[in-house]
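Novice:
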Amino acid sequence: MNGGIYFSMESILVTRPCLPSAPNGSAGYVGCTHCWSFIRYVFDPGTASQILQTPLLPSVRSDTATWRYEKNGIYSVRSAYRDIIHNTDVLLQHRVPRHWSTIWKLKLPLKIKNFLWRICRNCLSTRMRLLAKGVDCPNICVVCNDHDEDGKHLFFECNKSIGCWQRLSLWNSIQQMCSPSLSCSEVIFVVLQQFDVPQQQIFSVALWSIWKHRNNKVWNNIVETTQQIGERANSFLSSWKNAQVMNLCNTANNTHHEITRWIKLTVGRFKCNVDTAFSTSLNKVGFGACIRDAEGNFVAGRTTSFTPSLDVDMGEATGLLHAMQWAK
Amino acid sequence: MDFETDSKVVVDSIYKGDGVSDFMAIIHDCRHLLMTNLANSDVKFIRRQTNNVAHSLAMEMLVSSYILIFHIV
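Residue numbers (my numbering), protein chains in the order written: chain A, 9 to 336; chain B, 6 to 78.
(1) From the beta carbon of E303 of chain A, is the nearest beta carbon of chain B less than 7 Å away?
(2) Quick one: any contact between the segment 202-214 of chain A and the segment 150-158 of chain A, if contact means 3 or more CB pairs under 8 Å?
(3) What first and last residue would you give for the alpha helix (DSSP H) that runs through H60 of chain B?
(4) Less than 7 Å between the C-beta atoms of R277 of chain A and A302 of chain A, yes or no?
(5) How is W162 of chain A classed by DSSP in three states: helix, strand or coil?
(6) So G22 of chain B is in the beta strand (DSSP E); what residue range does that whole segment cover?
(7) Whose CA, out of A:T326, A:N305, A:M332, lies closest to the CA of H76 of chain B?
(8) Let me know the secondary structure DSSP gives S313 of chain A once reduced to three states.
(9) Just to confirm the assignment, what range does the beta strand (DSSP E) spanning G296 of chain A have?
(10) Measure the Cβ-Cβ separation of C128 of chain A and S217 of chain A and say whether it is below 7 Å.
(11) Assign N32 of chain A to buried or exposed, taking buried as 16 or more other Cβ atoms, counted over all protein chains shown, within 10 Å of its Cβ.
(12) V205 of chain A: buried (16+ other C-beta within 10 angstroms of its C-beta) or exposed?
(13) Counting only the same chain and skipping the five closest in sequence on each side, list residues whose C-beta sits under 8 Å from that of W248 of chain A.
(14) If we cut at 7 Å on Cβ distances, does D34 of chain B have a partner in chain E?
(15) For T72 of chain A, which residues in chain B fall below 9 Å Cβ to Cβ?
(16) Run through chain B and tell me which residues come within less than 8 Å of L100 of chain A, C-beta to C-beta.
(17) Using 7 Å as the limit for Cβ to Cβ distance, is R86 of chain A near chain B?
(18) Flag this pair as touching only if the segment 173-180 of chain A and the segment 107-116 of chain A have three or more C-beta atom pairs under 8 Å; answer yes or no.
(19) State the start and end residues of the unbroken alpha helix (DSSP H) segment that holds L328 of chain A.
Here it is in structure tokens:
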């Protein structure tokens, strides 16, 4: 199977995103050393000779350097960035394991989601965070002048905030999930997971409104009532929702519904449906192909599988190639 | 023979893909077959909902470990 060779190349050269490939039939680089002198220049002799001896597929036509992280083989900053973010050890250490998609999937404006993320990454500039970073400021909660101002206190323990939650009829549910042992971000994730979509929305926007009030107090010395804080949250949310509805109306007119049924063919032709399934846990891809005649009668079917698992596009392409080789 | 897949990326690449990469190498192999043994064939994109049979076969392969070939009996 062809795919095996792609992967042995990748496993040998896992740290070398720039994969060379040689002309049809040549077993390496003989005859083209001048194009590849940079390999001897960049890598130590052992690695360089390994790279230069990489076995090549008969179907490889042109002998060029390619960039592994883009489908067209051309370097892009985007793909390099993606690789660094996902695969660099230094960055992996700084990852905070949470279901971040819970936040990013919320149906809310980006600034609110961003704000939630900042709270949960513990980088909201509450006084306790500022002190930890060496900023000279008091530690007391701006709003109640009673406790240390950290996220947990400001949003879930301060009397003013509890008042807001009660006004929004959310306090009973939040209180149950707000156990003292949980950190602020843990509470937010638990609450978001328990709430339905409208509750998630008002909860998130209210957090933002509480923070807004806190900042108003610090910078403008304005004290708002719990009613004002709740109203700001509600009106912000409803005006955003209205804007969304208008956007939806505009796009709805442009979409037309296509038929999603399997369609028969003209007489005499065959049809081969191909698909690929992926399993990361089994590290495996499964290929399925099914041939039918013009009447839609089943003619033949076939499945194969392949290890290790591939990325989606590679898998789909390999599945198609399998089906073609089978059908020819 | 008309081949149908629910991968738009694959279909688009077959007809206008360019470049050198692992992915394009496979696409080149497909193109080669389309020009030779399967000259009368075509590759089309269909929606995932329409591709249920092939999808079920592929899913089946994840749990079983043999190559399965089905014929009418």
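Glycine included, C-beta positions come from ideal geometry on N, C-alpha and C.
These figures come from a predicted structure and were not determined experimentally.
Specialist: To lay it out plainly:
(1) no
(2) no
(3) It spans 57-68 - the alpha helix (DSSP H) in which H60 of chain B sits, taken as one unbroken run.
(4) yes
(5) At residue 162 of chain A the sequence reads Leu, which differs from the Trp that was named. Note: L162 of chain A maps to helix in three-state DSSP.
(6) From DSSP, G22 of chain B is part of no beta strand (DSSP E); its letter is neither H nor E.
(7) A:N305
(8) strand
(9) 292-300
(10) no
(11) The predicted model places N32 of chain A with a pLDDT of 38, which falls under 50 and marks its position as unreliable; any figure quoted below should be read in that light. By the neighbour-count criterion, in which a residue is buried when 16 or more other Cβ atoms sit within 10 angstroms of its Cβ, N32 of chain A is exposed.
(12) exposed
(13) These residues qualify, in order along the chain: L116, P117.
(14) Here the protein chains are A and B, and chain E is not one of them.
(15) Simply V25.
(16) Under the 8 Å cutoff, chain B gives no residues; its nearest Cβ is about 25 Å from L100 of chain A.
(17) Under the Cβ distance rule, R86 of chain A does not count among the residues neighbouring chain B, no pair being separated by less than 7 Å.
(18) no
(19) Annotation: the continuous alpha helix (DSSP H) that includes L328 of chain A extends over 320-335.
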